DNA sequence: CGGGAAAGCGCAACTCAGTTGCATGAACCC
DNA sequence: GGGTTCATGCAACTGAGTTGCGCTTTCCCG
Ligand SMILES: [Mn+2]
Ligand SMILES: [Mn+2]
Ligand SMILES: [Zn+2]
Ligand SMILES: [Zn+2]
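See the structure below:
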């Protein structure tokens with residue numbers, strides 16, 4: 521149901537453990553939410569998903585930031601100035617996103633890796649990561 | 521010097537005129553600033569550039585938005601939640617950007633058009649535009 | 001198992017880019 | 001010039017994300 525999924529909790533915990541850092545309740549719950557999500561989630565959407573026994577707003581921000589630093593999640597800046605987060609999972613690494621201009625939903629384009637994307641940068645510039653967002657209409661809003 | 525450049529004012533005015541919409545002082549001054557800029561500018565940076573006889577904050581926001589709607593400029597959402605704007609000029613259309621993680625400066629990668637970029641989207645999704653941002657270290661901050 | 005140091009959490013107050021509503025002023029069509 | 005329409009300016013507001021600090025949890029070691 522919408523309750524806790526044993527397997528995904530264990531999965532989240534294991535990923536956290538593998539960083540060598542502290543495994544805390546907020547980290548487990550947030551990473552689990554991201555792993556189960558179908559797309560990239562805003563801070564607000566995650567708060568709703570966590571529902572009862574919600575975390576403090578600030579803690580959620582800090583956990584999300586931490587997950588990104590540790591490479592367990594990545595962040596995209598939407599056209600609405602709101603960040604969205606999604607888990608980086610073994611098979612699909614950093615990927616492109618689709619943002620629907622009508623409903624605002626952000627879909628992960630898992631097939632479209634941004635690691636392999638070749639972009640020429642001027643001499644002396646060093647590329648460390650690429651953010652690629654396609655904007656348009658999603659299937660629901662067609 | 522840093523004052524008004526006749527030629528670029530005329531250039532800005534002509535572009536505005538070609539939209540068939542009203543040509544106003546704020547629109548001319550803002551578009552001129554964007555045309556002369558080396559990279560993508562934030563709202564704040566534009567305010568500084570305009571210097572004396574600055575526009576109202578709100579007017580500047582509205583002018584920038586209007587320029588984007590009319591296709592004379594485009595907007596990118598930086599990693600710092602701040603929008604940056606650059607003119608779309610005849611030769612180089614919508615293009616990719618480079619954002620320096622150290623100094624925050626955003627450089628236009630004019631050679632890297634985002635119009636020609638081919639990205640596969642899921643069935644039923646319609647792509648209407650692509651935003652591509654490379655993050656890393658710029659030449660100054662190397 | 002217990003400490004205890006180090007790191008993370010929660011709360012309250014804050015910042016600041018961008019928005020909204022409305023009265024005034026400037027384009028521009030005739 | 002005169003009137004209509006649209007843009008500007010001001011003030012008040014919104015809301016995502018941040019900061020500082022005291023309290024709690026993790027987890028390492030004995
Ligand atoms: Mn994603
Ligand atoms: Mn640009
Ligand atoms: Zn949609
Ligand atoms: Zn730099």
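Residue numbers (this note's numbering), protein chains in the order written: chain Y, 521 to 662; chain E, 521 to 662. Glycine included, C-beta positions come from ideal geometry on N, C-alpha and C. Keep in mind that this is a model prediction, so the values were computed, not measured.
Legend entry - Whole-number beta carbon distance between residue 655 of chain Y and residue 621 of chain Y, since they are thought to touch under 8 Å: Position 101 of the first chain, counted from the start, is the residue given in the question as residue 621 of chain Y. Position 135 of the first chain, counted from the start, is the residue given in the question as residue 655 of chain Y. By a beta-carbon distance limit of 8 Å, residue 621 of chain Y contacts residue 655 of chain Y. Their separation comes to about 6 Å.
Legend entry - Closer than 7 Å: residue 628 of chain E CB and nearest ligand 3 heavy atom: Taking the first residue of the second chain as position 1, residue 628 of chain E is located at position 108. No, the Cβ of residue 628 of chain E stays beyond 7 Å of every heavy atom of ligand 3.
Legend entry - Cα-Cα separation, residue 628 of chain Y to residue 545 of chain E: Translated into positions along the first chain, residue 628 of chain Y becomes position 108. Translated into positions along the second chain, residue 545 of chain E becomes position 25. One C-alpha to the other measures close to 42 Å.
Inset, instruction - Look up residue 564 of chain Y in the DSSP assignment and say whether it is helix, strand or coil. - result: The sequence position of residue 564 of chain Y within the first chain is 44, counting from 1. Correct three-state label for residue 564 of chain Y: helix.
Inset, instruction - Determine the chain Y residues that contact residue 644 of chain E at a beta-carbon separation under 8 Å, and present them in chain order. - result: Residue 644 of chain E sits at position 124 when you count from the first residue of the second chain. Under the 8 Å cutoff, chain Y gives 658, 659, 662.
Legend entry - For residue 659 of chain E and residue 522 of chain Y, the rounded distance between their alpha carbons: Against the first chain, residue 522 of chain Y aligns to sequence position 2. Against the second chain, residue 659 of chain E aligns to sequence position 139. Confidence in residue 522 of chain Y is poor, its pLDDT being 43 and thus under 50, which makes the residue's placement unreliable; the coordinate value appears in the next sentence. The alpha-carbon atoms of residue 522 of chain Y and residue 659 of chain E are separated by roughly 49 Å.
Legend entry - Supposed contact pair residue 559 of chain Y and residue 606 of chain Y - C-beta distance, whole angstroms, cut 8 Å: The sequence position of residue 606 of chain Y within the first chain is 86, counting from 1. The sequence position of residue 559 of chain Y within the first chain is 39, counting from 1. Between residue 559 of chain Y and residue 606 of chain Y the Cβ distance is about 7 Å, and since that is below 8 Å, they are a contact.
Inset, instruction - Have a look at the DSSP bridge pairing and note the partners of residue 618 of chain E. - result: By one-based count along the second chain, residue 618 of chain E stands at place 98. E/627, E/654, per the DSSP bridge assignment.
Inset, instruction - Spell out whether any CB of chain E is found under 8 Å from the CB atom of residue 568 of chain Y. - result: Locating residue 568 of chain Y in the first chain gives position 48, where the first residue counts as 1. Chain E contact via Cβ: absent.
Legend entry - Proximity winner among E/527, E/641, E/616, relative to residue 635 of chain E (alpha-carbon distances): Taking the second chain and counting its residues from 1, one reaches residue 635 of chain E at position 115. Closest option to residue 635 of chain E, Cα to Cα, is E/616.
Legend entry - Test item: CB-CB of residue 532 of chain Y and residue 561 of chain Y under 8 Å: For the purposes of this step, residue 532 of chain Y is taken as residue 12 along the first chain, with counting starting at 1. For the purposes of this step, residue 561 of chain Y is taken as residue 41 along the first chain, with counting starting at 1. Contact: no.
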